[in-house]
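Here's the structure, in structure tokens; my notes come after.
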């Protein structure tokens, strides 16, 4: 078990350093928390990164993902869209996926929306530590996707950064085990 944990830790860390410069039809921005009508700092940086990808001509469409945290709350995707429009991303290039609550659902639902709109290649936008698991899920779904991690995520302090890293190491290890034993059906 120790070797698996160590190997997963190294894998998540090394993959977090990877930024694939791929041509893509769309950026898929994975959801993160919101505070009422405002994106959390983590989601805000994902949105800013997607806006930069669009402005740099790397994508022609941005798909914001993420459902509601609680009944009556605005979905993460809608909050992201509103923030992006306020920061000059044209509404005409935005697609929304508003029902997901997990990374797998973010990607699976976005894949369906993309297919309906003739989009085949993707840059997955998330925090660096989340990228290993997100790309593994995208690969499992058969998506033609590359990683495009945010580089500006502001951690409140070193503890929150370590917590985010440790969470993703455990989440990726659980994903690998669940997939190996057939519990992670896609």
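Numbering (the numbering used here), first residue to last: 60 to 245. The beta-carbon is built from N, C-alpha and C at its ideal position, and this holds for glycine as well.
Is residue 109 closer than 8 Å to residue 184 when the C-beta atoms are compared? Locating residue 184 in the chain shown gives position 125, where the first residue counts as 1. Locating residue 109 in the chain shown gives position 50, where the first residue counts as 1. Cβ atoms of residue 184 and residue 109: closer than 8 Å.
To the nearest angstrom, report how far apart residue 207 and residue 138 are at their CA atoms. Against the chain shown, residue 207 aligns to sequence position 148. Against the chain shown, residue 138 aligns to sequence position 79. Near 21 Å, if we compare the C-alpha coordinates of residue 138 and residue 207.
Hey, quick one: how far does the beta strand (DSSP E) through residue 184 stretch, first residue to last? Position 125 of the chain shown, counted from the first residue, corresponds to residue 184. If you look at residue 184, you'll find it in the beta strand (DSSP E) that goes 180-184.
Just checking, does the stretch 216-226 make contact with the stretch 194-208 on the three C-beta pairs under 8 Å criterion? Taking one beta carbon from each stretch, the stretch 216-226 and the stretch 194-208 have fewer than 3 pairs nearer than 8 Å; the two do not touch.
Inspect the CB distances between the stretch 133-149 and the stretch 169-189 and report whether three or more fall short of 8 Å. Not touching, per the Cβ criterion.
On a CA-only basis, which of 143, 204, 192 is nearest residue 238? Give me that one, please. For the purposes of this step, residue 238 is identified with residue 179 of the chain shown, where counting begins at 1. Selected option, being the one with the closest Cα: 192.
Near residue 69, what residues of its chain come up, given a Cβ to Cβ distance below 6 Å and the 5 sequence neighbours on each side ignored? Reading the chain shown from its first residue, position 10 is the one you call residue 69. Cβ neighbours of residue 69 within its own chain (closer than 6 Å, five residues either side excluded): none.
In three-state DSSP terms, what is residue 85? The residue given as residue 85 occupies position 26 in the chain shown. DSSP places residue 85 in strand when its eight states are reduced to three.
Rounded to a whole number of angstroms, what is the C-alpha to C-alpha distance between residue 188 and residue 151? The residue you call residue 188 lines up with position 129 of the chain shown. The residue you call residue 151 lines up with position 92 of the chain shown. Cα-Cα distance, rounded: 31 Å.
Quick one: any contact between the stretch 106-121 and the stretch 139-148, if contact means 3 or more CB pairs under 8 Å? The stretch 106-121 makes contact with the stretch 139-148; the number of CB pairs closer than 8 Å reaches 3 or more.
Just mark residue 94 as buried or exposed, buried being the case when its beta carbon has 16 or more other beta carbons within 10 Å. Locating residue 94 in the chain shown gives position 35, counting from the first residue. Under this definition residue 94 is an exposed residue.
For residue 245, which residues in the same chain have their Cβ closer than 8 Å to its Cβ, ignoring the five residues on either side in sequence? Walking along the chain shown from the start, residue 245 turns up at place 186. Interpretation of residue 245 is limited by its pLDDT of 49, a score under 50 that renders its predicted location unreliable; the figure taken from the coordinates is listed afterwards. 163, 167, 196, 199, 200, listed in sequence order.
What separation, rounded to the nearest whole angstrom, lies between the Cα atoms of residue 76 and residue 186? The residue you call residue 76 lines up with position 17 of the chain shown. The residue you call residue 186 lines up with position 127 of the chain shown. C-alpha separation (whole angstroms): 11 Å.
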